[in-house]
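Take 13 as the starting number for the sequence shown in my numbering and just add one per residue.
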Amino acid sequence: MKWSKATLDEMIQRNRKLADFESALRRLVNSESLEQYCDIPDYVIASYLRAAFENLCIAAEFKVNWKPEDVGAIVRDMRGESECS
13 MKWSKATLDE
23 MIQRNRKLAD
33 FESALRRLVN
43 SESLEQYCDI
53 PDYVIASYLR
63 AAFENLCIAA
73 EFKVNWKPED
83 VGAIVRDMRG
93 ESECS
């Protein structure tokens, strides 16, 4: 697949924003000493929260673009079934 410069620039900008978001989360967790409640370093918590946010965005996009026929395929995939099963 060939990427346009505009698409690559958007991806770079998005990644920078998410990296800034993760850094801000790390500072917040650290400033509130939240890591003490689960004995996990602030950077691990921030990375987890960033990943959760990215997955939420994917789910929101799927919600907007879903088609009824997609639901059955997703359920079958989650169960490890093929379409012929």
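Where a beta carbon is used, it is the ideal one built from N, C-alpha and C, also for glycine.
Computed from a predicted structure; not experimentally measured.
Inter-residue distance for valine 41 and aspartate 51 is about 12 Å (C-alpha atoms, whole angstroms). Secondary structure note for glutamate 34: its alpha helix (DSSP H) is the uninterrupted segment 17-43. Note on geometry: alpha-carbon atoms of serine 45 and leucine 61 lie some 16 Å from one another. With a contact defined as Cβ atoms closer than 8 Å, isoleucine 57 and glutamate 47 qualify at about 6 Å.
Contact check for glutamate 22 against serine 59 fails: the beta carbons are separated by 8 Å or more.
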